[in-house]
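K.L.:
Let me give you the structure first, and then I'll get to my questions.
Chains as they are written, first to last, in the numbering used here: chain C, 2 to 897; chain E, 1456 to 1736.
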């Protein structure tokens, strides 16, 4: 073959080796290490040696990157809504047609000039606060182009009404766990440092609560930890999975799976505590020393508290549907063996914490881990992702690092600070725009302290004008925010005089814009980044420990920008130039020169020059540089500087873990008392009347759940966990290869219906068969899915993945229309968890289901894309249930 | 030298990395060994999945990557005219993208449905084991794309003729599970640990005690005479995995101080036999 050009980049699916042939991307491969690259670590445990494969991994999404780059739904040219009128007062612009109207092609100059004119008009009329802007998370990777860097630089320099993100993936841990054990600076999550080795050496039982690691992949760590969990499984560690869905990890690894009714996890945790307290099987010495007001809590568990109800396993059985005998067995296994566990993706996540009362679920889980001596060898809060060996002494910035943004010094010369104090809150952005008023508590991400959860915000801020323009950048909230029919109503409101959408793809939100600015993908521009690094000091720091290899990548431009697309940096600098501050924005640097700044302010210059780095394309950081740490027998690195998470606390040593606070050095936690608070002093201080997150964490019936009024009408709990076959909304619409996975979608009449999972008992009652189109519905919305009948969900639960990148209402641009693209968040409640808790709760969602017909129209909502959807798909569909095929190849499977 | 892929089904999580890597390599791009694969509709690296078990208390899945087996005596080769299908000296079975035009019999001949029909090109198509890459001295990779993509070491590539190769070590260390559809024919793709059937259950103390029974003795006797035995674990559960298919079993459960219980079971499929509530003697 002709020699192919090879470059490298990073996506949320992992690090990529990109082959380019004659200017066209040929293939995407993992990075296969060469002899020049660093040696790997070796963990010696239970008589064996474990070392990672000498290659990085990519999730299935990474292998879709080429297909995605050339996708049919790329925005090819700047576009302007065909019935948009640039009225001088911003009124009468046919805003009610947003989502319905078509577009006309525009030149870059026409589009950019319109954007600049409108910004000047809006600023002159209402002030800088009149424009708001928001990005999705992780639609690109790299320290130059990521939102906290480039987006912040542009909008901070201009001044705008910032939209606070909510911690949508781990609400309960963020708003709950800090009141039990601190760690607000880790946004409620634990310290995973060096936990893999600890577990490999010591653990006998893993508690995987509300956790599907093979699906959530440590966040953005590809399949790096998949092998770790096989090592653990094959050495005989017992895995207990708790999830209403016998998820993709559980169904392979679980020695015991229990599937409680959604939102009742807290009751099971209380019952486990009941068993331990009545049988005396918890670490009394540890609790006496490190627990605060434990005895009052224990009284509550025993039924001697205010509610007078003993939290017995039988009590929990009635709520959760899990047998008391099973709860007792798990309680005793947990107490009698060396047990590590946690919730969700990195230990402090999981669908259970995204229910009403998810805060108290999180607090109870931490409380139980404390009761067994959290921090002793093999007894910790960790879930088999993150916590791999890492070289903490080698610094390279991650995306949330204050030192790793082009909006901040020293990377830029003049930092970009936003001069507008008014803010909005993402979950309720449509409410604020539509009602003209919104109030809420908290700073969105409350890493600054427990008190950050209780600050009060009002929109419009005193002295500020309301928002009249919206600049949307990257991704679709139809799949990730809740009660999303609201977003259509917002877009069609005349309150929004001007809407800009800047994206690589024609997403569901792009379709609601007045002006569309086509950005190029990560593979068409230069950037720099470390795989999986969310920041070494920023939030959830050192998440690159989810990888077996620490990989820093020169994200070279593989191909030139396709069609008329341009890099986000180019687009922003062009607008800045038209607004008169172009040079201040760029500081005269090209994208490559910005990328080089991150090399310059890292430890990379100690090991390789900029030219060497560019040439090689990546650098593998050895877990230790010291010669004496190498095992002479194998050449592998057997020693490194270890900082085992939380062990400092149990061992009562000054804390030395990365990303710690000063008070930890005195042996204190981040709670008000510095101890595990079984009765929360911070809740008593700031919000003693909070009815959801009470001073004593406990199970409470949800305002939407199996005991709420709406359950009579809508008897099933819908759970919509983070997706296995997508990342946020960033792949499903773009790569049709994903539609060919039977567990993901099924194409009927040209529309890719999302799979929902229904227990056979429910299917029988409702007359639903495998592969039928069904309608999921409640008072908020209706969505068509295809039914997969499976005993992997309990009969109370319907499972369907969230984060559909596709939103395809049967009636275009109509709020409340039947949704057939899989954005099931038209069903989820927009109500926040509690009066004081600004958390979204997608998994407290009552629905009903009926058999339905497929929509006869093929991909109706897609007609405004520049290329019509390929109508060939149906002919090439795979059967959903491959068991017939399996019978032929492997022999018959079904009972006769 | 004979190229082979060992498919260790026990390690497969159905993460679909192999499936996507295969599509990434072959969709829209051809070589001397294959015409471009259509964008959708063909699955040269097909993942066959089925759900195992008939009770929520014990459900597992089987997930078996099933590309072309590259059979020793390929049925597709026999069905082909003009030598349109040939087996290379390294064992890789190739459908010649020019000679095979119009020969739909090649699709129909495959006992494991691994050959696909390209309507547009009127061509049968299938896995090449990425031989076109392995043949190319300029290609930097050393393995077929699916194997390179597997994070779980569920796919292992190597030389079946080299007794010291990694693939032969993996085959020796695991249970070879011949695909039923291939009869007793050998092939260059070797499946390992494809599950057969399990029988499982849980033993409880009398219902009012709300306790599982740990350490109850469970004995499963096959009509063929083989006896399987275990004690219930910490969860009161018992399970016999990978039993011979389509056999009658007698399950006997005994525990000191309780009346013995027995069941009949049949391994036509995976069964959760019973939640057993013991009675005190």
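All residues carry an ideal CB built from backbone N, CA and C; glycine is no exception. Model, not experiment: these values are computed from the prediction.
Quick one, are the C-beta atoms of residue 75 (chain C) and residue 104 (chain C) less than 8 Å apart?
P.N.:
no
K.L.:
Do residue 347 (chain C) and residue 220 (chain C) have their CB atoms nearer than 8 Å?
P.N.:
In terms of Cβ geometry, residue 347 (chain C) and residue 220 (chain C) form a close pair [threshold 8 Å].
K.L.:
Helix, strand or coil: which one does DSSP assign to residue 16 (chain C)?
P.N.:
The answer is strand: DSSP assigns residue 16 (chain C) an E or B state.
K.L.:
Using a Cβ-Cβ distance under 8 Å, would residue 741 (chain C) count as near chain E?
P.N.:
yes
K.L.:
Any chance you could list the beta strand (DSSP E) runs of at least 3 consecutive residues sitting entirely within the stretch 611 to 673 of chain C, in chain order?
P.N.:
619 to 622
K.L.:
Residues of chain E with CB closer than 7 Å to the CB of residue 224 (chain C), please, in chain order.
P.N.:
1470, 1472, 1606
K.L.:
Quick check on DSSP: helix, strand or coil for residue 1644 (chain E)?
P.N.:
strand
K.L.:
Going by DSSP in three states, residue 1461 (chain E) sits in which element: helix, strand or coil?
P.N.:
strand
K.L.:
Can residue 728 (chain C) and residue 188 (chain C) be called in contact, C-beta distance under 8 Å?
P.N.:
no
K.L.:
Would you mind telling me which residues of chain C sit closer than 9 Å to residue 1685 (chain E), beta carbon to beta carbon, in chain order?
P.N.:
Proximity of chain C to residue 1685 (chain E) at the Cβ level (cut-off 9 Å) is not reached, the minimal Cβ distance being about 13 Å.
K.L.:
Taking Cβ positions, are residue 61 (chain C) and residue 1609 (chain E) nearer each other than 8 Å?
P.N.:
no
K.L.:
Please list the terminal residues of the continuous beta strand (DSSP E) segment that includes residue 530 (chain C).
P.N.:
If you look at residue 530 (chain C), you'll find it in the beta strand (DSSP E) that goes 528 to 531.
K.L.:
For residue 510 (chain C), name the three-state secondary structure that DSSP assigns.
P.N.:
Looking at residue 510 (chain C) - three-state DSSP - the assignment turns out to be coil, as it is neither helix nor strand.
K.L.:
Would you mind working out which of C:796, C:829, C:791 sits nearest residue 784 (chain C), comparing C-alpha positions?
P.N.:
C:829
K.L.:
If you reduce the DSSP assignment to three classes, tell me which class residue 137 (chain C) lands in.
P.N.:
coil
K.L.:
Scan the stretch 356 to 444 of chain C and note each continuous alpha helix (DSSP H) run of 4 residues or more that stays entirely inside, going in chain order.
P.N.:
359 to 372, 430 to 436
K.L.:
Check each residue of the stretch 1685 to 1705 of chain E: if its Cβ is closer than 8 Å to any Cβ of chain C, include it; give the result in chain order.
P.N.:
1688, 1689, 1690, 1691, 1692, 1700
K.L.:
Buried or exposed: residue 260 (chain C), going by 16 or more other Cβ atoms within 10 Å of its Cβ?
P.N.:
Counting of Cβ neighbours within 10 angstroms places residue 260 (chain C) among the buried residues, the total reaching 16 or more.
K.L.:
Please classify residue 356 (chain C) as buried or exposed, where buried requires at least 16 other C-beta atoms within 10 Å of its C-beta.
P.N.:
Classification for residue 356 (chain C): buried.
K.L.:
Using CA atoms only, rank isn't needed, just tell me which of E:1700, E:1688, E:1699, E:1678 is closest to residue 1719 (chain E).
P.N.:
It is E:1678 whose Cα lies nearest to the Cα of residue 1719 (chain E).
K.L.:
For residue 168 (chain C), which residues of its own chain have a beta-carbon under 7 Å away from its beta-carbon, when the five flanking residues on both sides are left out?
P.N.:
175, 188, 446
K.L.:
Under a Cβ-count criterion, where at least 16 other Cβ atoms within 10 Å of its own Cβ denotes burial, should residue 65 (chain C) be classed as buried or exposed?
P.N.:
buried
K.L.:
Going by beta carbon distance, what residues of the same chain come within less than 6 Å of residue 423 (chain C), once the five residues before and after it are set aside?
P.N.:
Take residue 423 (chain C), set aside five residues on each side of it, and the residues of its chain with a beta-carbon closer than 6 Å to its own are 130, 162, 462, 465, in chain order.
K.L.:
By a C-beta neighbour count over all protein chains shown, 10 Å radius and 16 as the cutoff for buried, is residue 686 (chain C) buried or exposed?
P.N.:
exposed
K.L.:
Should the stretch 231 to 245 of chain C be regarded as contacting the stretch 201 to 209 of chain C, the criterion being three or more beta carbon pairs within less than 8 Å?
P.N.:
yes
K.L.:
Does DSSP put residue 878 (chain C) in a helix, a strand or coil?
P.N.:
Only weak support is given to the placement of residue 878 (chain C): the predicted model assigns it a pLDDT of 46, under 50, and the value that follows is read from those uncertain coordinates. It is coil, neither helix nor strand.
K.L.:
Among the candidates C:183, C:308, C:511, whose CA atom is the shortest distance from the CA of residue 452 (chain C)?
P.N.:
C:183
K.L.:
Curious, which full-length beta strand (DSSP E) runs of at least 3 residues does the stretch 1532 to 1584 of chain E contain?
P.N.:
Taken in chain order, the complete beta strand (DSSP E) segments of 3 or more residues contained in the stretch 1532 to 1584 of chain E are 1540 to 1542, 1548 to 1550, 1571 to 1573, 1578 to 1580.
K.L.:
Determine whether the Cβ of residue 1495 (chain E) lies closer than 8 Å to any Cβ atom of chain C.
P.N.:
So yes, residue 1495 (chain E) belongs to the interface.
K.L.:
Excluding sequence positions up to five away, which residues of its chain have a Cβ less than 7 Å from the Cβ of residue 1466 (chain E)?
P.N.:
1607, 1608, 1609
K.L.:
Check residue 820 (chain C) in the structure and name its three-state DSSP category.
P.N.:
DSSP places residue 820 (chain C) in strand when its eight states are reduced to three.
K.L.:
Give a yes or no on whether 8 Å exceeds the smallest Cβ distance from residue 1560 (chain E) to chain C.
P.N.:
Residue 1560 (chain E) does not count as touching chain C.
K.L.:
Between residue 737 (chain C) and chain E, is the shortest Cβ-Cβ distance under 8 Å, so that the two count as touching?
P.N.:
yes
K.L.:
Measure the beta-carbon distance from residue 1713 (chain E) to residue 1736 (chain E) and round it to whole angstroms, keeping in mind my assumption that it falls under 8 Å.
P.N.:
6 Å
K.L.:
Just how far apart, CA to CA, sit residue 1 (chain C) and residue 1512 (chain E)?
P.N.:
Chain C is shown from 2 up to 897; residue 1 (chain C) falls before or after that span and cannot be answered.
K.L.:
Quick one: list the residues of chain E neighbouring residue 231 (chain C), beta-carbon separation under 7 Å, in chain order.
P.N.:
1466, 1607, listed in chain order.
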